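Below is one structure, written out as structure tokens; comments come after it.
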Amino acid sequence: MFEAIAFYLFAFLTISMFYIVVTTQQALYALTALAAGMIFISAFFFILGADFLGAVQIIVYTGAVMALYAFGMMFFDTTRDVKEKQGNKFIIVGLSTLSAVLVVLIVSAPIVSDNIVALYPVVDGIGNTQEVGVVLFTKYLIPFEVAAVMLLVAMVAGIVLAGKKMDLSLTLMNDAEIRELNEEKNKKELS
Amino acid sequence: MMEIGLSHYLVLSTILFAIGLVGVMKRKNLLLLFFSTEILLNSVNIAFAAISHYYGDLTGQMFAFFVIAIAASEVAVGLGLLIVWHKRHNNIDLDTMSSMKG
Amino acid sequence: MELFLYTALFAPFVGSLFAAIFGASPKTIIAGIIPSILLGVSLLSSTVLLVHVLSTGEAVHVEMMTWMHTGNLYIPFGFLVDQVSVTMMMVVTVVSTVVHVYAIGYMSHDKAFNRFFAWLSAFVFSMMILVMSDNFAGLFIGWEGVGVCSWALIGFWYHKESATWAANEAFIMNRIADLGMLIGIFLVYWNTGTLQYHEAFEAMKHLDTGILTTIGIFLFIGAMGKSAQFPLHTWLADAMEGPTPVSALIHAATMVTAGVYLVVRSNELYSLIPNVGLFIASLGAFVAVFAATMALVNRDIKRVIAYSTLSQLGYMFAAAGLGAYWVALFHLMAHAFFKALLFLGGGNVMHAMSDELDPFKMGGLGKTMKATMILMTLASVALAGLFPLAGFFSKDMILEAAFSEHHFIIYTVLLFTAGLTAFYSFRIIALIFHGEDRHTALGFHPHEAYPFMIKAMIPLAILAAIAGFARPYYFDMVIAVLPETEYHIHSAMTYWTMTIGTQLFVIAAIYFAYKKYMSSDIKVPDGTSEMENSFKYKLLINQYYIPYFYEEFLVKPYRALSRVFWKDIDMKIVDGTVDGIANIIYNTGENTRGMQSGNLSTMLKWMVAGLVILLSLAVIFGLTVKYSGV
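Protein chains in written order, with the working numbering: chain A, 454 to 644; chain B, -19 to 82; chain C, 5 to 634.
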């Protein structure tokens, strides 16, 4: 019974949060609603017994990704309303509804689902985190390493794209040069 | 109704996916478009986790992990590009970005 | 002997090619002399062949090469020189040689001198193929060849609208008749399995009369076109637009006689179907009198001579239709000589009068053009059929044949036509050469033609005079292949009454013509006299309004129909369909170009739309798999 209450409660919350993200005119509201939605999704993971996944969701998504978005938001003037030219509402809503209905039709038809065989079955008794660790570092090792490389690449890309004055390296200059640099900057600002 | 089965989670995932689609199609501001993309990815994660739970298979959770990793790196690169564009054009409205008009 | 056959056949072809080399160059006399010499060579070869056939009675038959050998169809390029073909060959080569020499003088001031000789020799070559071929296919090749060459020669002065029109009319009318001939040839092949004369006629003896009648009718339709029988006759008078040597060669002696040759060659067929023969004879008699009436009032000397050709062709068909094939061929030969002579004389007169053709504007030319007058009078006497010239022997034979076969209507018509013939021929002679001098007042200064041209015409005159006496020798030769029909009139009294009576009738007509047209008060008619406005005159001078009828009821509707086919069907429907398909593809591309707007939002919407389509396909596919029995 608790499961049902939790499910419906969090379902309601998630849907309303994401609805706000999609329809609001204020960028800051959208950001906040998105963060809230992420947290509520992690609740689902906990209900489903995927403890590690739920924790990762909070740390990575809500913590890192939303923080990244928040830093990105600093570049823009967030007090203004986001002005958007309206597209044709009917097309948008119609297409989405149609796709939703079709997907539900597909997944509710028990064609594939009767024949599913578990590849990496859950073993009772051991905690979820341990299980995930075992499978991740043995069966999924290569994707894990590749994902690590990919994250490194993303990080470097992010720095290169957003950085300024990348050709100067403050750590390799001695004190005299740094003072010169500051004086030039002051002169420019004064004049 | 009381008994939550796989189909409940899948319906929920579909609804969230549809909301994400609405956002993707509707939003003209590039940053808010990224937000909608995040919604899509999250809805898929719910579906994976649900299937994994109801079939007793850990593959679903593994997949969800990797989806989270990829989403994170995508955000990093995407925001970097967004910032470069903003510096150059001072405007991130989609309607102004049509130099690929064919 | 084969050597002579090939020489006779190909010498004109070599002459034509030689002249054609100079086709685009200015006039050079050698382009006229060499073809004439080569034609003389052909004439000599034909004479050798004639002597051979006369003395040995054997035909020369060669097969040069195979043309088609597919399945059961075997058609060779084969040539046969038998008594009938050697007669035709002699006629063609004699008249052609004379005309070629004459034309060197006649066309001497023409810029396209070389082209003329190329086409003229090509025509002779086609005619030789026609008469020397031993199967229907070769005949048809020659048939079409003479059609093309006559088109080129009638429309020789192609800058003149009237000449090109006349050339097209001749060719198209011939083509219409050729359709009938082709159907006849197809029927011959279909029923007998071969196109060789000898074998086809052998096989025809066993066929049923209905089929034979059909074949005979269709082949005769082809002959009608070439020999200008009613109703395909209008082209012959209009063909006088061509130069006079062309009229002399083609429309007097050779091409128009091809139809008669066809009927004579197919005599074995026509003997089996006497009903068709009777029809041919009746039509021939009708044409004879029909053409003679139109010649009575005409004011163009070449047209009068053309109508007289038409009339004499009617005589030939009448003879052939009655079964007197050798008589028809004999008349063909005699007619060729005197008609060509008449045309060439007319050419002299035309040249002298700077191409004026109305005899009412001439008069008294006998003083300045003595030689031409003598030659033309000789030819007209031969045409009228007075003893002892050639026309008497041939024409009288035809009248006898009609009488003795008890076709009295045909006899009367032909007799009446003989009178008319004499009248209109001498009308022209009287108007041109005798009477008062009307031409000096109108500003003409005539002079006689070059002496060598007159000398070229003399052989024809001699032949026109003496050819009649060759009749018995001719008869002995030709009955080897043609039915031997002698015509006996039962009593000598009837015979002599007929002959003398005919002669007297003809002489009376000549006297009447001279009296009427030599009087001193002949004026140039200017449309006001009572005679000119009478109904009879109008009917005759407009050729019974037949050309008008053709123009209004055949040519104009056909042209309108063609325009409908062109504008509405071809341009709108056919072109429209093709262009429409192209336009559809183009417009589809234009309209779907809008999808690439460069706007990310739009593209995302398209992406979701594509997703929806794929999902629905998945649903449909899944449902069909589930419910289709698996």
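C-beta: ideal position from N, C-alpha, C; glycine also.
In this text, all values refer to a predicted model and were calculated from it rather than measured experimentally.
Cβ separation of residue i and residue j, assumed to be a contact under 8 Å, to the nearest whole Å
i, j, result
"A:Ala486", "A:Met470", "5 Å"
"C:Leu53", "C:Ala15", "That pair is no contact at about 13 Å."
"B:Met80", "C:Ser605", "So it is not a contact: roughly 13 Å between Cβ atoms."
"A:Val475", "B:Ile(-1)", "6 Å"
"C:Val268", "C:Ala310", "Not quite, the Cβ-Cβ distance comes to about 23 Å (not below 8 Å), so this is no contact."
"C:Ala422", "C:Val510", "6 Å"
"C:Leu199", "C:Val192", "7 Å"
"C:Leu419", "C:Thr506", "6 Å"
"C:Ala285", "C:Gly325", "3 Å"
"C:Gly714", "C:Ala292", "In the structure as shown, chain C begins at 5 and stops at 634. Residue 714 of chain C is therefore absent and cannot be evaluated."
"C:Gln87", "C:Ala484", "5 Å"
"C:His451", "C:Thr372", "7 Å"
"A:Ala607", "B:Ser53", "3 Å"
"C:Leu253", "C:Ser100", "6 Å"
"A:Leu558", "C:Val616", "Contact doesn't hold; Cβ gap of about 12 Å is too wide."
Below-8 Å beta-carbon distance, residue i vs any chain C residue
i, result
"B:Leu61", "no"
"B:Val55", "no"
"B:Lys8", "yes"
"A:Val556", "yes"
"B:Val(-9)", "no"
"B:Asp37", "no"
"A:Ser622", "no"
"B:Ser(-13)", "no"
"A:Leu551", "yes"
"B:Lys67", "no"
"B:Val83", "Here chain B comprises residues numbered -19 to 82, so residue 83 of chain B is not present and cannot be evaluated."
"B:Ser79", "yes"
Terminal residues of the alpha helix (DSSP H) in which residue i lies
i, result
"C:Tyr110", "87 to 110"
"C:Thr443", "One detail in the question is off: residue 443 of chain C reads as His in this sequence, not Thr. Careful: C:His443 lies outside any alpha helix (DSSP H) and carries neither H nor E."
"C:Thr32", "Here C:Thr32 belongs to no alpha helix (DSSP H), and DSSP marks it neither H nor E."
"C:Gln316", "305 to 325"
"C:Tyr521", "496 to 521"
"A:Phe528", "From DSSP, A:Phe528 is part of no alpha helix (DSSP H); its letter is neither H nor E."
"C:His637", "Nothing can be reported for residue 637 of chain C: it is not among the residues displayed for chain C, which extend from 5 to 634."
"C:Pro487", "Looking at the DSSP string, C:Pro487 is not in any alpha helix (DSSP H), and its letter there is neither H nor E."
"C:Ser620", "604 to 631"
"C:Lys371", "That residue, C:Lys371, is in no alpha helix (DSSP H); it is neither H nor E in DSSP."
"C:Tyr265", "262 to 269"
"C:Asp480", "475 to 482"
"C:Ala296", "278 to 301"
"C:Ala468", "455 to 470"
Opposing strand residues paired with residue i [DSSP bridges]
i, result
"C:Thr70", "C:Pro80"
"B:His33", "Paired residues: none, contrary to the question."
"B:Asn9", "B:Asp73"
"C:Ser137", "C:Phe83"
"C:Pro235", "DSSP output for C:Pro235 lists no bridge partner at all."
"A:Pro574", "B:Asp37"
"C:Gln200", "C:Asn139"
"C:Val64", "C:Val85"
Any C-beta of chain B under 8 Å from that of residue i
i, result
"A:Thr467", "yes"
"A:Gly525", "yes"
"A:Tyr482", "no"
"A:Thr515", "no"
"C:Val612", "yes"
"A:Glu598", "no"
Minimum Cβ-Cβ distance from residue i to chain A less than 8 Å
i, result
"C:Leu565", "no"
"B:Thr17", "no"
"C:Ser620", "yes"
Contacts that residue i makes with chain D (C-beta to C-beta distance below 7 Å)
i, result
"C:Val616", "Annotation note: the requested chain D is absent from the structure, which comprises protein chains A, B and C."
Contact list for the segment 596 to 608 of chain C against chain B, Cβ threshold 8 Å: Arg597, Gln600, Ser601, Gly602, Asn603, Leu604, Ser605, Leu608
The segment 574 to 588 of chain C: positions lying closer than 8 Å to chain A by Cβ: Contacts with chain A (Cβ-Cβ distance below 8 Å) from the segment 574 to 588 of chain C involve no residue at all.
Under 8 Å (Cβ pairs) to chain B, residues found in the segment 489 to 512 of chain A: Gly490, Met491, Ile494, Phe497, Phe498, Leu501, Gly502, Ala503, Phe505, Leu506, Val509, Gln510
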